[in-house]
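Numbering (my numbering), first residue to last: 168 to 551.
Glycine is no exception: its CB is placed at the ideal position from the N, C-alpha and C atoms.
Presented below is the structure to which this report refers.
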Amino acid sequence: MPYQSDSQEVSCAGRLIIDLTALQKNWRQLNERTGNGCECAAVVKANAYGLGAEEAVKALYASGARTFFVATPEEGRLVRAAAPQGTIYVLGGAYSDRGHLYAESSLRPVLGHPDEIAEWAQFCESLGTPLPAAVHVDTGMNRLGLTHAEARDLSRDEETLSKFKLCLVVSHLSCGDDATHPKNQAQLEAFRSAADLFPGIPRSLSNSSGIFLGEDYHFELARPGIALYGGNPIPTRHNPMACVARVEAEVIHLRHVPPGETVGYGAARTTKRPTRIATVNVGYADGMHRLIGSTDGQDGSYASVNGARVPLFGRVSMDMIALDVTDLPANMVQRGTWVELMGPTISVDEVAESAHTISYELLTGLGARYKRTYIGSVQDEEDT
Ligand SMILES: *Cc1c(COP(=O)(O)O)cnc(C)c1O
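Following this line, the structure appears as structure tokens:
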């Protein structure tokens, strides 16, 4: 079934077009890469990296994903509605005194501290049911997770382990996107020795980048996020993932600016030649970060007009961006022409780099003003 939202509605906002077929293709590619012995989950925290958890989860479930990771129980509740049969883990763990949020939506906390584990065990005891949960062991991130000694103590604490159902041992790589970083191997070894304390319990170490570090890192469950949404999991190599999110803006104004004039706030960029400036209707309030603009001293990001790259000219405003379209034929850029600011030509990683950030922050910051359209199919081919 083609899936499209409000496509008939008249809009004057920028467009955010989300390709669910590309999302499904990316999950299948990762699932293939993780192989037979390893389940490929999907991390859908922060509203599926800003792209819409409900639509993303339905599409991912249809392509075969059965396990989902979110950050909070509130996110978990929304994912539960989209995947009634799915397994849902909450990476932020079990918040104090809010066990009912997990029980109501059948969410599994990823427990990362002895006190938290004791609370969860007690909560399960009060319900009279050993509810499932994962345990996070720290292997060098020092953010969440049990120390090795704490993991060892837990593994010997039969009473606590009898009160809840331990169903996954998790850790997280801090440098998975740098295949040459020695910390990866160190974390791998630390994870193995911690997981050995819980024989027979499925293990999960890898995020998107970790999957590309090789089979040793796969274990029984992989947890990709950014690669599903088209971000490059191996930054030094060609991006193997399909583009999922495309940001488009409409040209609302065109003008000729003589040489020696400045364009935009701060008079930061000066014309060196007779310049044709096209102003488009998306700005930093839409998550097109102010740092992607250009100044006389520093180039910025690009836009694409039908595949032809044109530079951003001057600073990014809240609601507008100026483009230098001098080099394009006049009839190619007119009022009402749509340009790509991020998508198949100007990749999310390229825009993120111009903004001195990463694809993750760019996607999750895309903002509420866009007219969002979902294209592609959410149906499983096997069902049709
Ligand atoms: C966000 C997150 C992931 C997904 O990471 P990506 O780099 O987006 O693939 C996996 N595991 C944990 C613990 C996370 O917080």
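- Nearest in C-alpha terms to residue 224, of all of 527, 424, 348 and 392, is 392.
- The beta carbon of residue 379 lies closer than 6 Å to those of 400 and 401 in the same chain, with the five residues before and after it left out.
- Classified as buried, residue 518 has 16 or more neighbouring CB atoms from the shown chains inside 10 Å of its CB.
- The closest CA to that of residue 539, considering only 176, 177, 183 and 178, is found on 183.
- The stretch 246–270 contains, as complete beta strand (DSSP E) runs of 3+ residues, the segments 254–257 (chain order).
- Looking at 525, 323, 235 and 201, the one whose alpha-carbon comes closest to that of residue 251 is 235.
- When only Cα atoms are considered, residue 275 and residue 266 end up about 10 Å apart.
- For residue 234, the beta-bridge partners assigned by DSSP are 254.
- Counted as a single uninterrupted DSSP element, the beta strand (DSSP E) harbouring residue 471 occupies residues 469–472.
- Counting only residues of its own chain and dropping the five nearest sequence neighbours on each side, residue 354 has a CB closer than 6 Å to the CB of 306, 307 and 340.
- Residue range 349–362 is occupied by the alpha helix (DSSP H) that includes residue 349.
- The beta carbons of residue 246 and residue 258 sit no closer together than 8 Å.
- Residue 329 is classed as exposed because its beta carbon has fewer than 16 other beta carbons within 10 Å across all chains shown.
- Rounded to the nearest whole angstrom, the CA to CA distance from residue 260 to residue 377 is 22 Å.
- The DSSP assignment places complete alpha helix (DSSP H) segments of no fewer than 4 residues inside the stretch 278–318 at 281–294, in order along the chain.
- Per DSSP, the beta bridge partners of residue 505 are 417.
- For residue 336, the uninterrupted beta strand (DSSP E) segment begins and ends at 332–337.
- Between the alpha carbons of residue 389 and residue 350 lies a distance of about 19 Å.
- Nearest in C-alpha terms to residue 359, of all of 198, 476, 333 and 318, is 318.
- Linking residue 521 to residue 334 through their CA atoms gives a straight-line distance of about 42 Å.
- Ranking 310, 309, 302 and 311 by CA distance to the CA of residue 322 puts 302 first.
- Residue environment for residue 397: buried (at least 16 other C-beta atoms within 10 angstroms of its C-beta).
- A direct Cα-to-Cα measurement between residue 273 and residue 255 gives close to 8 Å.
- Per the coordinates, the alpha-carbon of residue 356 lies some 11 Å from the alpha-carbon of residue 372.
- At least one heavy atom of ligand 1 is found less than 7 Å from the C-beta of residue 392.
- In this structure, residue 504 lies away from residue 424, with their beta-carbon atoms at least 8 Å apart.
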